[in-house]
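If you read the sequences in order, they're chains A and B. Throughout the first sequence, residue numbering follows the numbering used here, covering 6 to 118 in sequence. Throughout the second sequence, residue numbering follows the numbering used here, covering 7 to 119 in sequence. Notes follow the structure.
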Amino acid sequence: DTGVSQDPRHKITKRGQNVTFRCDPISEHNRLYWYRQTLGQGPEFLTYFQNEAQLEKSRLLSDRFSAERPKGSFSTLEIQRTEQGDSAMYLCASSTQRGTEAFFGQGTRLTVV
Amino acid sequence: KNQVEQSPQSLIILEGKNCTLQCNYTVSPFSNLRWYKQDTGRGPVSLTIMTFSENTKSNGRYTATLDADTKQSSLHITASQLSDSASYICVVTPGGSQGNLIFGKGTKLSVKP
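What follows is the structure, encoded as structure tokens:
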């Protein structure tokens with residue numbers, strides 16, 4: 006158990022629906038990351054927060070994707086108008102500062118049908 | 007373009023044998039390099055992290071090496087166990103980046119009895 010919690014673990018949704026995932030990082034970690042991983046590939050960076058500030062976003066994060074970390078603790082990742090290509094494992098990680106170990110959650114597996 | 011390439015793509019070995027996984031990267035500037043183990047359907051778990059000034063780092067039966075001049079790293083697993091069956095992912099943090107870890111596609115290791 007790494008201490009990073011993600012909810013739900015699995016989500017099946019119909020194309021066009023909105024979905025929201027939650028990540029609870031390790032409590033003393035001020036940095037929180039979202040990654041997306043498709044089958045057979047390594048995780049790809051989506052976005053990164055330091056406390057409540059979203060400091061970096063990948064070009065992979067299209068207008069349909071939005072992430073928040075309102076109080077600098079838990080974070081949510083919302084995907085609007087889901088497409089089949091959004092099907093993937095969405096991973097959350099947290100760390101204390103750059104260069105130290107990032108702890109990953111178990112991920113949320115999204116299937117868009 | 008910053009890239010992380012791993013080889014082999016997959017590997018099958020017998021229990022008790024040793025193996026070495028390779029990672030080549032083109033990321034520059036470079037901050038640190040990590041090796042993660044990822045079991046199927048689960049989040050990655052950190053094995054080692056090395057800065058550019060470190061040549062080797064051990065964690066139990068896992069030993070990682072780094073040659074920052076040739077931009078190569080290896081992960082050596084000694085006396086493999088069935089539980090070592092997993093994907094092993096090489097991850098590079100670019101210098102100056104806050105959260106954009108660059109992941110390789112991983113090497114899928116299968117340890118057979």
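All C-beta atoms in this analysis are idealised placements derived from N, C-alpha and C, irrespective of residue type, glycine included.
B:Q28 and B:I83 have their alpha carbons spaced roughly 12 Å apart. At least 7 Å separates the beta-carbon of B:V117 from that of B:Y31.
Looking at the backbone, the Cα of A:K19 and that of A:T87 are separated by about 8 Å. Sixteen is the threshold: since fewer than 16 other Cβ atoms of the shown chains lie within 10 Å of the Cβ of B:I18, the residue is exposed. For A:A93, no chain B residue has a C-beta closer than 9 Å to its own C-beta; the minimum C-beta separation is roughly 13 Å. Following the DSSP letters along the chain, one finds A:E61 inside the beta strand (DSSP E) bounded by residues 58-62. At a cut-off of 7 Å between C-beta atoms, B:R48 counts as an interface residue with respect to chain A.
For the pair of segments examined, the region 107-114 of chain A was found to touch the region 36-51 of chain B: the number of CB pairs separated by less than 8 Å reaches three. With respect to A:G77, B:K111 sits apart: the two C-beta atoms are not nearer than 7 Å. In this structure, the straight-line span from the alpha carbon of A:S10 to that of B:S91 is close to 24 Å.
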